[in-house]
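Position one of the sequence shown corresponds to residue 0 (numbering that gives the first Met the number 0), numbered consecutively onward. We treat Cβ as the ideally placed atom computed from N, Cα and C, and that holds for glycine. I have placed the structure first, in the form of structure tokens, so that the comments after it can refer back to it.
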Amino acid sequence: MKFSQLLYSLSLGFLLVSCQENSPENIPQAPDSTVPTYSNPVFTPVLADPTVVKSGGFFYAYGTEDNWGNEGGHRLVPIVRSADLVNWEFVNNAFQVKPSWKAEGGIWAPDVTKVGNQFHMYYSVSTWGDPNPGIGLATSPTPEGPFTDEGKVFLSQEIGVENSIDPFFIQEDGKNYLFWGSFHGIYVVELAEDGKMVIGDKKRVGHTHLEAPYVYKKNGEYFFFGSEGSCCEGANSTYQVRVGRSESLLGPFLDKQGNDLATGIYGEIILSTNDVAYGFAGPGHNADVVLDDEGTEWLLYHAIPKNNPRLNNGTNRRPLMLDRLVWEEGWPTIRNQQPSVSSQPAPVFNP
């Protein structure tokens with residue numbers, strides 16, 4: 000072969016290899032800028048102690064009674080809704096008037112569940128330092144309310160548990176159960192068929208470091224979520240979420256080391272204050288785990304922005320937060336165990 004032919008052949012081969020290496024399938028692809036994203040918080044200024052229920056294509060979230068100051072005024076259990084968990088709009092106050100069975104106190108930590116054709120809201124009535132808070136029930140035919148009060152379920156002194164707040168209702172095998180409690184222990188008790196009366200004996204399932212109980216069932220196991228620390232000290236809030244696991248709805252709930260959450264300061268920490276100065280303090284009191292159309296699990300909760308912790312009237316600014324729940328070796332957690340502070344892929348919902 001002549002030298003010129005050899006040179007031509009080598010050049011052609013090099014050109015073919017170069018073209019192959021730079022073919023579309025081999026060129027590094029830039030991230031898809033069309034993928035929807037979101038950033039925390041997803042609703043402002045406040046939606047403290049959230050609970051969530053899905054109905055008719057919308058998620059409805061409810062929060063503790065609060066005064067939003069010059070950003071909305073007094074809200075008697077605010078209701079907000081969203082089709083995608085990211086874009087929320089205020090709908091209504093759940094109550095037109097306060098329940099009358101307790102003379103003083105705010106309506107705290109509602110828990111809403113659809114039971115038959117009605118939406119049941121268990122709620123706390125309490126003030127800071129209240130020696131005898133209680134839990135009541137209200138119902139509505141629609142998630143947007145207004146809710147009609149059905150009266151108290153019990154007072155702290157009647158049930159024998161101090162600071163009885165933060166209810167969570169769940170049904171299992173045709174029976175009704177109520178979890179509740181704060182820094183005098185977490186308890187569970189069976190309720191009557193109508194959900195208005197206690198039947199049977201209460202059982203302690205969480206120690207005195209926890210409040211805001213929630214139980215999520217997955218693959219035949221029960222995961223207890225509880226919040227510990229201070230919820231409401233502005234940027235100094237220390238709230239965080241711990242988790243335990245059980246083979247039974249009624250516990251015992253154990254951490255990874257096998258410690259019973261009812262007996263001491265145990266539980267796996269899955270969500271706590273951001274390390275960065277511009278992040279969020281005191282994340283906690285999560286709502287129910289919800290799924291998007293791809294089956295991804297999401298957790299709603301509240302937290303306090305460190306750089307803007309209070310409203311103009313001094314109320315703690317506790318906006319609604321959203322983060323993906325991920326699983327590591329059979330345990331749920333939030334990535335980095337902290338609220339996300341940058342843009343994240345949004346939940347997926349089909350049109």
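Measuring alpha carbon to alpha carbon, tell me which of the options ends up nearest residue i.
| i | options | result |
| --- | --- | --- |
| residue 200 | 236, 186, 194 and 212 | 186 |
| residue 331 | 241, 48 and 69 | 241 |
| residue 223 | 87, 81, 235 and 249 | 249 |
| residue 46 | 299, 339, 328 and 326 | 299 |
| residue 292 | 307, 254, 243 and 345 | 345 |
| residue 149 | 220, 97, 337 and 183 | 97 |
| residue 351 | 147, 43 and 124 | Shown here, the chain extends from 0 to 350; a query on residue 351 therefore has no answer. |
| residue 166 | 173, 69, 174 and 153 | 153 |
| residue 106 | 85, 74 and 81 | 74 |
| residue 327 | 36, 269, 305 and 348 | 269 |
| residue 89 | 195, 318 and 342 | 318 |
| residue 350 | 172, 52, 56 and 34 | 56 |
| residue 212 | 159, 288 and 193 | 288 |
| residue 91 | 306, 64 and 301 | 64 |
| residue 351 | 301, 314 and 307 | In this structure the chain extends from 0 to 350, so residue 351 is not present and cannot be described. |
| residue 172 | 322, 282, 304 and 247 | 247 |
Go ahead and label residue i buried or exposed: buried means 16 or more other beta carbons lie within 10 angstroms of its beta carbon, across all protein chains shown.
| i | result |
| --- | --- |
| residue 276 | exposed |
| residue 48 | buried |
| residue 226 | buried |
| residue 206 | buried |
| residue 119 | buried |
| residue 239 | buried |
| residue 87 | buried |
| residue 82 | exposed |
| residue 181 | buried |
| residue 113 | exposed |
| residue 290 | exposed |
| residue 134 | buried |
DSSP state of residue i, grouped into three classes?
| i | result |
| --- | --- |
| residue 337 | coil |
| residue 198 | strand |
| residue 95 | coil |
| residue 330 | strand |
| residue 20 | Low local confidence applies: a pLDDT of 40 at residue 20 is under 50, so the model's placement there is unreliable, with the coordinate-based value given in what follows. In the structure shown, residue 20 sits in a helix (DSSP, three-state: H, G or I). |
| residue 256 | coil |
| residue 38 | coil |
| residue 70 | helix |
| residue 348 | coil |
| residue 137 | strand |
| residue 184 | strand |
| residue 235 | helix |
| residue 101 | coil |
| residue 282 | strand |
| residue 164 | coil |
| residue 206 | coil |
Do we get a CB-CB distance below 8 Å when we pair residue i with the residues of chain D?
| i | result |
| --- | --- |
| residue 344 | The chain labelled as chain D is not found in the depicted structure, where only one protein chain is given. |
Terminal residues of the continuous alpha helix (DSSP H) containing residue i?
| i | result |
| --- | --- |
| residue 264 | Premise fails: residue 264 is in no alpha helix (DSSP H) and is neither H nor E. |
| residue 245 | That residue, residue 245, is in no alpha helix (DSSP H); its beta strand (DSSP E) goes 239-245. |
| residue 78 | No alpha helix (DSSP H) contains residue 78, which is instead part of the beta strand (DSSP E) from 77-81. |
For the putative contact between residue i and residue j, defined by C-beta atoms under 8 Å, what is the C-beta separation to the nearest angstrom?
| i | j | result |
| --- | --- | --- |
| residue 60 | residue 76 | About 11 Å; that fails the 8 Å criterion. |
| residue 104 | residue 132 | 7 Å |
| residue 41 | residue 85 | 5 Å |
| residue 108 | residue 284 | 7 Å |
| residue 245 | residue 39 | The pair is not a contact, with the Cβ atoms about 30 Å apart (cut-off 8 Å). |
| residue 315 | residue 303 | 6 Å |
Over the uninterrupted beta strand (DSSP E) stretch that includes residue i, give me the two end residues.
| i | result |
| --- | --- |
| residue 157 | That residue, residue 157, is in no beta strand (DSSP E); its alpha helix (DSSP H) goes 155-158. |
| residue 222 | 220-227 |
| residue 212 | 210-217 |
| residue 181 | 174-181 |
| residue 105 | 105-114 |
| residue 299 | 296-304 |
| residue 51 | 50-54 |
| residue 271 | Taken as a continuous stretch (DSSP letters only), residue 271 belongs to no beta strand (DSSP E), as it is neither H nor E. |
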